[in-house]
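Data block below; observations after.
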Amino acid sequence: ELKVEQNPLFLSMQEGKNYTIYCNYSTTSDRLYWYRQDPGKSLESLFVLLSNGAVKQEGRLMASLDTKARLSTLHITAAVHDLSATYFCAVVSRSNDYKLSFGAGTTVTVRA
Amino acid sequence: DAGVIQSPRHEVTEMGQEVTLRCKPISGHDYLFWYRQTMMRGLELLIYFNNNVPIDDSGMPEDRFSAKMPNASFSTLKIQPSEPRDSAVYFCASQNSRDRVKYGYTFGSGTRLTVV
Numbered sequence: 017e018l019k020v021e022q023n024p025l026f027l028s029m030q031e032g033k034n035y036t037i038y039c040n041y042s043t044t045s046d047r048l049y050w051y052r053q054d055p056g057k058s059l060e061s062l063f064v065l066l067s068n069g070a071v072k073q074e075g076r077l078m079a080s081l082d083t084k085a086r087l088s089t090l091h092i093t094a095a096v097h098d099l100s101a102t103y104f105c106a107v108v109s110r111s112n113d114y115k116l117s118f119g120a121g122t123t124v125t126v127r128a
Numbered sequence: 602d603a604g605v606i607q608s609p610r611h612e613v614t615e616m617g618q619e620v621t622l623r624c625k626p627i628s629g630h631d632y633l634f635w636y637r638q639t640m641m642r643g644l645e646l647l648i649y650f651n652n653n654v655p656i657d658d659s660g661m662p663e664d665r666f667s668a669k670m671p672n673a674s675f676s677t678l679k680i681q682p683s684e685p686r687d688s689a690v691y692f693c694a695s696q697n698s699r700d701r702v703k704y705g706y707t708f709g710s711g712t713r714l715t716v717v
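Just so you know, the sequences run in chain order A and B.
Under my numbering, residues 17 to 128 are what the first sequence spells out, in order.
Under my numbering, residues 602 to 717 are what the second sequence spells out, in order.
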């Protein structure tokens, strides 16, 4: 069974500083996704990472993938309040590439 | 496109009652997924369909849960009888298999179910 672990589970950020969220997964995967969820809302797709060394950036968020280490990181640069949300990574396994397995999520709070 | 549409947004029901959650996927999407989200267990895949056919229902917790997809534009998740531990947010998501490499699922807004 594919297991996806995120850490930290809770992250209190200070505005203007940089932080990283980590996502480890247990089996070989060809595809990893990052989602954002605001409180009481649905999940919004942020990034799709397809290959080893892939890097995607959007605004203050940058995601990368190391398939050999089975690790993805979501880096937040100069945190701002509107980045407060829960961030999920999700992975598909090679045995079933339609089925997403989600991490537990990292709840981010950005304070002044 | 209006996205994935779920109804109702909120449902409060008494233990023992039947609950039906509804989902309309994005037109042209051939995969549909039902997830449940709780604080304790996070996001759990319950069942998914391809071209209206159930492919994997191994995540359905008990026989009290059933799901159908009578056509490409509609799916239901039914709980009968409901129990307080079924209280959760239930998400429906859909995907076009041809685009799965570029995009993840598109999620609906969810149904928040409270069983009292």
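No residue lacks a Cβ here, since even glycine has one placed at the ideal position from N, Cα and C.
Below-7 Å beta-carbon distance, residue 714 of chain B vs any chain A residue: No - not a single Cβ of chain A is within 7 Å of the one on residue 714 of chain B.
Segment contact, 8 Å Cβ cut-off, at least three pairs: the stretch 650-661 of chain B with the stretch 605-614 of chain B: Contact between the stretch 650-661 of chain B and the stretch 605-614 of chain B is absent, because fewer than three Cβ pairs lie under 8 Å.
Euclidean distance between Cα positions of residue 711 of chain B and residue 650 of chain B: The alpha-carbon separation between residue 711 of chain B and residue 650 of chain B amounts to approximately 18 Å.
Short CB-CB distance (under 7 Å) between residue 120 of chain A and chain B: Using beta-carbon distances, residue 120 of chain A counts as an interface residue toward chain B, with a partner under 7 Å.
Under 9 Å by beta carbon: chain B residues contacting residue 47 of chain A: Close to residue 47 of chain A, with beta-carbon spacing below 9 Å, are these residues of chain B in chain order: 701, 702 and 705.
contact_flag[the stretch 20-40 of chain A, the stretch 92-111 of chain A] where n(CB pairs < 8 Å) is 3 or more: By the Cβ rule, the stretch 20-40 of chain A counts as touching the stretch 92-111 of chain A, because three or more pairs are nearer than 8 Å.
contact_flag[the stretch 67-82 of chain A, the stretch 624-641 of chain B] where n(CB pairs < 8 Å) is 3 or more: Fewer than three pairs of CB atoms, one per stretch, sit closer than 8 Å, so the stretch 67-82 of chain A makes no contact with the stretch 624-641 of chain B.
Residues, ordered as in the chain, of the stretch 648-665 of chain B that lie near chain A by beta-carbon distance below 9 Å: Cβ contacts with chain A: 649, 651, 656 and 657.
Listed by chain order, chain B residues near residue 106 of chain A by CB distance under 9 Å: Ordered by position in chain B, the residues that pass the 9 Å Cβ test against residue 106 of chain A are 644, 705 and 706.
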